[in-house]
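Student:
In my numbering, the protein residues as written are 1050 to 1232.
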C-alpha cells in the first residue's frame, strides 16, 4: 500500500512507502492529512516503557516549499498505454502491452516530436498500416485527441493500486482533457 504525498498546497509530489511516510510523521513534517487511516506501524518500546505506534493516513501533505505547478511528466510507453486505457486509438480495440506500440501522429521522419501531444497508443497492426504517414495521409481517423497528463493524472497513471480515497482526491483534479472524437 502506497501513501500519496502532497506539498502543503495539495499538489501531488510522490507515492511513498509506509516506511517513508513514518519517517515524515516522526520528523513532524506532515502538516495535514486526508483520507482514511490506512494502517498503523508499530515500533519498539520508548523510554517511558510504552510501545510506539504511528497511524498513517492514505494522503499526507508535507511541509516545505510549494513549487509552481508547471509539471509535464516524462513520456514512457507504460504511462502512455495507461493514459489511452491500453486501447489502440485507431481501431479502438484493447490489447496487452506487448501488442501495443507508440505511434507518432506527425511521424518523426516528417519532423514530429516525441511528446505527449504527438503520440498515441496503437496496436502493431494499425501502426504498421499507418507507417511513416500522418493519419490523414494513411486514411485513418484518431478516436481521441492526445494530451499531456497533469500532475494529478500522472500520479494516477504511475500507481496501479490506488485506494478509493486517494482516487477521489486525484480524480477531482483531473484536467478533463480526454476528448473522444468518435464513438
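Built from N, CA and C at the ideal position, the CB exists for glycine as well. Because the structure is a prediction, the values reported are computed rather than measured.
List the endpoints of the continuous beta strand (DSSP E) containing residue 1105.
Tutor: Residue 1105 -> beta strand (DSSP E) spans 1100-1111.
Student: Which residues does DSSP pair with residue 1208 in a beta bridge?
Tutor: Partner(s): none; residue 1208 has no beta bridge.
Student: To the nearest angstrom, how far is the alpha carbon of residue 1189 from that of residue 1177?
Tutor: When rounded, the distance between both Cα atoms is 12 Å.
Student: Return the CA-CA distance between residue 1142 and residue 1131, expressed in angstroms with no decimal places.
Tutor: Their backbone Cα atoms lie some 14 Å apart in a straight line.
Student: Under a Cβ-count criterion, where at least 16 other Cβ atoms within 10 Å of its own Cβ denotes burial, should residue 1097 be classed as buried or exposed?
Tutor: Exposed, because fewer than 16 other Cβ atoms sit within 10 Å of the Cβ of residue 1097.
Student: Within the same chain, show all residues whose beta-carbon is closer than 8 Å to that of residue 1172, passing over the 5 residues directly before and after it, in chain order.
Tutor: Cβ within range, chain order: 1137, 1139, 1140, 1142, 1144, 1148, 1149, 1150.
Student: Out of 1083, 1153, 1161, state which residue places its alpha-carbon closest to the alpha-carbon of residue 1104.
Tutor: Closest by alpha carbon: 1083.
Student: When you compare the CB positions of residue 1122 and residue 1129, do they come within less than 8 Å of one another, or not?
Tutor: Not closer than 8 Å, so no.
Student: When we look at the beta-carbon of residue 1179 and count the other beta-carbons within 10 Å, is it buried (16 or more) or exposed?
Tutor: By the neighbour-count rule (16 or more Cβ atoms within 10 Å), residue 1179 is buried.
Student: With contact counted as at least three CB pairs below 8 Å, one residue from each stretch, are the region 1194-1207 and the region 1070-1084 in contact?
Tutor: The region 1194-1207, when compared against the region 1070-1084, does not touch it at the 8 Å Cβ threshold.
Student: Check whether the Cβ atoms of residue 1113 and residue 1167 sit closer than 8 Å, and answer yes or no.
Tutor: No, these two residues do not count as a Cβ contact at 8 Å.
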